[in-house]
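Engineer: Top line first, the protein sequences correspond to chains A and B.
Residue numbers are given in this note's numbering: position 78 of the first sequence equals residue 82, and the series is strictly consecutive.
Residue numbers are given in this note's numbering: position 136 of the second sequence equals residue 140, and the series is strictly consecutive.
Every residue, glycine too, gets a C-beta built ideally from N, C-alpha and C.
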Amino acid sequence: MTDNFDAPTLGPHAARQGPVDTMIEVRGLTKRYRDHVAVENISFDVAPGEIVGFLGPNGAGKSTTMRILSGYMPATAGEVKVAGIDVFEDPIGVKRRIGYLPEIPPVYLDMTVRGYLGFVAGIKGVARREAKVEIERVAGLAGVDHILPRLIRNISKGYRQRVGLAQSLLKSPDVLILDEPTVGLDPIQIEQVRKLIKDLGASGKHTIILSTHILSEVKATCQRIIMVAQGRIVADASLEDLEKEHDAPLEQIFAKLAVS
Amino acid sequence: MRNIFLIAKKELSIYFTTVIGYTGFGAYAFLMGLVFVTTVNKYQQFTQFYVAQQQPSLLERLNFNDVIITPMLSTGLWMFLFFVPFLTMRLFAEEKQSRTFELLMTTPITSLQMVLGKFLGVGAMILSLTAIPLVFPVILHVYGTSSGPGSPVEWLPVLSGTLTVLMLGLVFCAMGLLISSLTESQIVAAVMTFAALLLAFVLPMIASRIEGDWRTAIEYLSPMSHVQRGLQGRVLLADLVYFGSSIFILLFMTLRVVESHRWR
Chain A
5 MTDNFDAPTL GPHAARQGPV DTMIEVRGLT KRYRDHVAVE NISFDVAPGE IVGFLGPNGA
65 GKSTTMRILS GYMPATAGEV KVAGIDVFED PIGVKRRIGY LPEIPPVYLD MTVRGYLGFV
125 AGIKGVARRE AKVEIERVAG LAGVDHILPR LIRNISKGYR QRVGLAQSLL KSPDVLILDE
185 PTVGLDPIQI EQVRKLIKDL GASGKHTIIL STHILSEVKA TCQRIIMVAQ GRIVADASLE
245 DLEKEHDAPL EQIFAKLAVS
Chain B
5 MRNIFLIAKK ELSIYFTTVI GYTGFGAYAF LMGLVFVTTV NKYQQFTQFY VAQQQPSLLE
65 RLNFNDVIIT PMLSTGLWMF LFFVPFLTMR LFAEEKQSRT FELLMTTPIT SLQMVLGKFL
125 GVGAMILSLT AIPLVFPVIL HVYGTSSGPG SPVEWLPVLS GTLTVLMLGL VFCAMGLLIS
185 SLTESQIVAA VMTFAALLLA FVLPMIASRI EGDWRTAIEY LSPMSHVQRG LQGRVLLADL
245 VYFGSSIFIL LFMTLRVVES HRWR
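(1) Given a cut-off of 8 Å on the beta-carbon distance, is the pair Ile74/A and Glu107/A in contact?
(2) Please go through the same chain and pick out, in chain order, the residues whose beta-carbon is closer than 6 Å to the beta-carbon of Pro279/A, but skip the five residues on each side of it.
(3) Look at the Cβ atom of Ile46/A, then the Cβ atom of Val179/A, and state whether they are nearer than 8 Å.
(4) Closer than 7 Å, Cβ to Cβ, to anything on chain B: give me those residues from the region 37 to 70 of chain A, in chain order.
(5) Are the C-beta of Ile113/B and some C-beta of chain A separated by less than 8 Å?
(6) Identify, in the order they occur along the chain, each residue of the same chain with its Cβ nearer than 6 Å to the Cβ of Ile191/B, setting aside the five sequence neighbours on each side.
(7) Which class does Arg228/A belong to by DSSP, given the choice of helix, strand or coil?
(8) Give me the chain B residues within the contact set of Tyr1/A, using Cβ-Cβ distance strictly less than 7 Å, ordered along the chain.
(9) Looking only at its own chain, which residues have a Cβ that is under 8 Å from the Cβ of Met36/B, when we skip the five neighbours before and after it?
(10) If Val41/B sits next to Thr92/B, beta carbons under 8 Å apart, how far is it from one beta carbon to the other, in whole angstroms?
(11) Going by alpha carbons, who is nearest to Leu259/B out of Thr21/B, Ile72/B, His230/B, Gln117/B?
(12) Identify whether Glu83/A lies in helix, strand or coil by the three-state DSSP scheme.
(13) So, Ala128/B versus Ala193/B, is the Cβ gap smaller than 8 Å?
(14) Strictly below 8 Å CB to CB, what residues from chain A border Arg6/B?
(15) Give a yes or no on whether 8 Å exceeds the smallest Cβ distance from Gly15/A to chain B.
(16) So Gly63/A and Gly205/A are in contact, right, with Cβ under 8 Å, and what is the actual spacing, rounded?
(17) Taking 8 Å as the cut-off, does the region 207 to 217 of chain A touch the region 178 to 195 of chain A (at least 3 CB pairs, one atom from each stretch)?
(18) Can you list, in chain order, the residues of its chain with a C-beta nearer than 7 Å to that of Leu160/B? Leave out the 5 residues immediately preceding and following it.
(19) Using 10 angstroms around the beta-carbon of Lys199/A, count the other beta-carbons present and answer buried if the total reaches 16, otherwise exposed.
(20) Mind listing the chain A neighbours of Ile143/B? Cutoff is C-beta to C-beta under 8 Å, in chain order.
(21) Would the region 170 to 180 of chain B count as touching the region 248 to 255 of chain B if we require 3 or more Cβ pairs under 8 Å?
(22) Beta-carbon within less than 6 Å of Ser78/B's beta-carbon, same chain only, minus the 5 sequence neighbours each way: which residues are those?
(23) Give the C-beta separation of Leu246/A and Ile229/A to the nearest angstrom, bearing in mind that I take them to be a contact with Cβ-Cβ under 8 Å.
(24) Since Gly276/A and Ala42/A are thought to touch, with beta carbons under 8 Å apart, how far apart are those beta carbons, to the nearest angstrom?
(25) Please identify the residue among Gln196/A, Ala125/A, Ala233/A, Asp251/A whose C-alpha is closest to the C-alpha of Leu108/B.
(26) In the DSSP assignment, the alpha helix (DSSP H) including His250/A goes from what residue to what residue?
(27) Taking the alpha-carbon positions, what's the Ser4/B to Phe53/B distance?
(28) Just the Cα atoms here: how many angstroms apart are Val238/A and Val263/A?
(29) Could you name the residues of the same chain whose beta carbon sits closer than 8 Å to that of Glu263/B, not counting the 5 residues immediately before and after it, in chain order?
(30) So with CB distances below 8 Å, who are the chain B contacts of Val117/A?
(31) I'd like the ranges of any alpha helix (DSSP H) spanning at least 4 consecutive residues and lying wholly in the region 41 to 112 of chain A.
(32) Residues in its own chain within less than 8 Å of Thr116/A by CB, not counting five upstream and five downstream?
(33) Restricting to Cα atoms, I'd like to know which of Met77/A, Val91/A, Asp251/A, Gly119/A is closest to Ala143/A.
(34) Would you say Thr187/B and Tyr112/A are within 8 Å of each other, going by their C-beta atoms?
(35) Tell me which residues of the region 8 to 40 of chain B have at least one Cβ-Cβ distance to chain C shorter than 7 Å, keeping chain order.
(36) On the premise that Met228/B lies in contact with Phe205/B, defined as a C-beta separation below 8 Å, what is that separation, rounded to the nearest angstrom?
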């Protein structure tokens, strides 16, 4: 049962039927902080409309990868392309096409939910007369439409997380990068957010890449799993393929690969 | 251009959702009022003294501009030492502390738009602050009596003085913005800005203790040696160039600091 763990399809260059048209293209991505290597030589492709789960234990390099994809920080080495645009050559072009939810929701505590979403809509280039409709659309999707007039300082952590999610949906970006989108939510909200992610993926308009260390989350939302541990990709396959290949449930594969 | 206004609008909206705006304006108006009352008292004392001494020639030369308005604006400059750090400390430090900096860095907005927008926002606050003391010349105009025909207040020196105060305030704001971009802590930003502004105030005193070229250089660099002429009613192009180029250099340095975050 455990013999299969050394199967040749595993590792950073795990064989995968690469689609012709790729939305996210990552080649040899490496990030070093002084002498600490956070991400080492990661490569993968994401097809348009795919929902990919970035799974790994804390400190595996998930957030670092997300931050590089979103153009927040540069890589030490490697190449990242979003919708064919290089993140290092045309960061603004990439930023026009992504919606990004960082690990800690980037909200201004001293703004109202409506004011905040209006501000982000503005800097994302939503036209002034379409802003109201767009804000109500994303607020409805994220389930914060009933708290629009409230000050963010006065709403709960779960709501702040959802305001952050609403912000990432503004202007329907091609690519959604969600860093631990369900952290801090209660079980009902988690269910709602997972359903939202699935629906967004099913609409076919968004390519979604989300990071998490919760197994049930990838099971519930993602078509494909990229497992990372200590800055390297240890597995990259669909859930069924992964379980078939290892002949074990995801929990065991994760436990095995994460420590290896 | 729209992005610059959006950032400025956001900064202003935060100043007035929190107590920063109201306490700032309230405290500034109150303190300037105290300064005004003090200078008016001094004017009365002068008048009584000259009348008692029977010196009509000196009494004739006594005027609102020289005895009340210029000293009031000049004393008011010291207020910036507290009010500018109070306004600028949060500009970048808070963004970094609350992680909203990550939002700005991942939306299609350039570092230049960010810096200019924030400067515009805090600049609007300083503009409103420096407009407050204009009430006092108006009071003098309404209640004061002129020895000759026309207003007892000469308005051009009042405006040039206010313009000078505004320019100095903007230089200080650019300084505060730069320091705020260097740290994640608002307290550190406030203390460092206070220290930097205090240094600006004492530079002429330092200069007076040394001789030669160094003295000339330090005197030129000190913003305080560029305000005296403006306060007395003489706006010189040289002073305006000094203020403009100081703001430009400080904003340029801020821009480089913000951009450097993209390459860390």
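Structural biologist: Looking at the atomic coordinates:
(1) Position 70 of the first sequence holds residue 74/A. Position 103 of the first sequence holds residue 107/A. According to the sequence as given, residue 74/A is Ser; it is not Ile. Going by C-beta atoms, Ser74/A is not nearer than 8 Å to Glu107/A.
(2) The shown model of chain A, from 5 to 264, leaves out residue 279/A, and the question about it has no answer.
(3) Along the first sequence, read from residue 1 onward, the residue named residue 46/A stands at position 42. Along the first sequence, read from residue 1 onward, the residue named residue 179/A stands at position 175. Result no, Cβ atoms of Ile46/A and Val179/A do not sit closer than 8 Å.
(4) none
(5) Mapped onto the second sequence, residue 113/B falls at position 109. Interface residue, yes.
(6) Taking the second sequence and counting its residues from 1, one reaches residue 191/B at position 187. Within the same chain, Ile191/B has no close Cβ partners at all.
(7) If you number the first sequence from 1, residue 228/A lands on position 224. In this structure, Arg228/A counts as strand in the three-state DSSP scheme.
(8) For residue 1/A there is no data in the structure shown, the boundaries of chain A being 5 and 264.
(9) The residue labelled residue 36/B in the question sits at position 32 within the second sequence. Result list for Met36/B: Met76, Gly80, Met83, Ile136, Pro137, Phe140, in chain order.
(10) Sequence index remark: in the second sequence, residue 41/B carries index 37 (1-based). Sequence index remark: in the second sequence, residue 92/B carries index 88 (1-based). With a Cβ gap of about 29 Å, Val41/B and Thr92/B do not count as contacting.
(11) To locate residue 259/B, count along the second sequence from 1; it is residue 255. Nearest option by C-alpha distance: Gln117/B.
(12) In the first sequence, counting from the first residue as 1, residue 83/A sits at position 79. Here Glu83/A sits in strand by DSSP.
(13) Here residue 128/B corresponds to residue number 124 of the second sequence, with the count starting at 1. Here residue 193/B corresponds to residue number 189 of the second sequence, with the count starting at 1. Taking 8 Å as the Cβ cut-off, Ala128/B and Ala193/B do not qualify as a contacting pair.
(14) Residue 6/B sits at position 2 when you count from the first residue of the second sequence. The CB of Arg6/B comes closer than 8 Å to the CB of Gly126 in chain A, given here in chain order.
(15) If you number the first sequence from 1, residue 15/A lands on position 11. Reliability of the predicted coordinates at Gly15/A is poor, the pLDDT of 38 falling under 50, and the value obtained from them is presented with this limitation in mind. So no, Gly15/A is outside the interface.
(16) As a first step, residue 63/A is located in the first sequence; it is residue number 59 there, counting from the start. As a first step, residue 205/A is located in the first sequence; it is residue number 201 there, counting from the start. Approximately 27 Å separates the beta-carbon atoms of Gly63/A and Gly205/A; this is outside 8 Å, ruling out the contact.
(17) yes
(18) Taking the second sequence and counting its residues from 1, one reaches residue 160/B at position 156. Closer than 7 Å at the Cβ level, and outside the excluded window around Leu160/B, lie Gly237.
(19) Reading the first sequence from its first residue, position 195 is the one you call residue 199/A. Label assigned to Lys199/A: exposed.
(20) Numbered from its first residue, the second sequence carries residue 143/B at position 139. The premise fails here: Ile143/B is roughly 35 Å from chain A at the closest Cβ pair, so nothing lies under 8 Å.
(21) yes
(22) Numbered from 1 along the second sequence, position 74 holds the residue referred to as residue 78/B. Taken in chain order, the residues that qualify are Leu235.
(23) One-based indexing of the first sequence puts residue 246/A at position 242. One-based indexing of the first sequence puts residue 229/A at position 225. With a Cβ gap of about 6 Å, Leu246/A and Ile229/A count as contacting.
(24) Examination of residue 276/A is not possible in this model, given that chain A is present from 5 through 264 alone.
(25) Numbered from 1 along the second sequence, position 104 holds the residue referred to as residue 108/B. When only C-alpha atoms are compared, the closest one is Ala125/A.
(26) For the purposes of this step, residue 250/A is taken as residue 246 along the first sequence, with counting starting at 1. Per DSSP, His250/A belongs to the alpha helix (DSSP H) from 243 to 250.
(27) In the structure as shown, chain B starts at 5 and stops at 268, and residue 4/B therefore has no counterpart that could be examined.
(28) Stepping through the first sequence from its first residue, residue 238/A is reached at position 234. Stepping through the first sequence from its first residue, residue 263/A is reached at position 259. Each residue's alpha carbon lies about 10 Å from the other.
(29) Counting from 1 along the second sequence, the entry for residue 263/B is found at position 259. The residues are Ser115.
(30) Position 113 of the first sequence, counted from the first residue, corresponds to residue 117/A. Chain B residues near Val117/A: none, gap ~13 Å exceeds 8 Å.
(31) 66 to 73, 95 to 99
(32) Mapped onto the first sequence, residue 116/A falls at position 112. Excluding sequence neighbours, Thr116/A sits near Leu152, Pro153, Arg154, Leu155, Ile156.
(33) Position 139 of the first sequence, counted from the start, is the residue given in the question as residue 143/A. Nearest of Met77/A, Val91/A, Asp251/A, Gly119/A to Ala143/A, Cα basis: Gly119/A.
(34) Translated into positions along the second sequence, residue 187/B becomes position 183. Translated into positions along the first sequence, residue 112/A becomes position 108. No, the pair does not count as a contact, with Cβ atoms beyond the cut-off.
(35) No chain C is present in this structure, whose protein chains are A and B.
(36) Sequence index remark: in the second sequence, residue 205/B carries index 201 (1-based). Sequence index remark: in the second sequence, residue 228/B carries index 224 (1-based). Taking a contact as a CB-CB distance under 8 Å, the pair Phe205/B and Met228/B counts as one, their CB atoms being some 6 Å apart.
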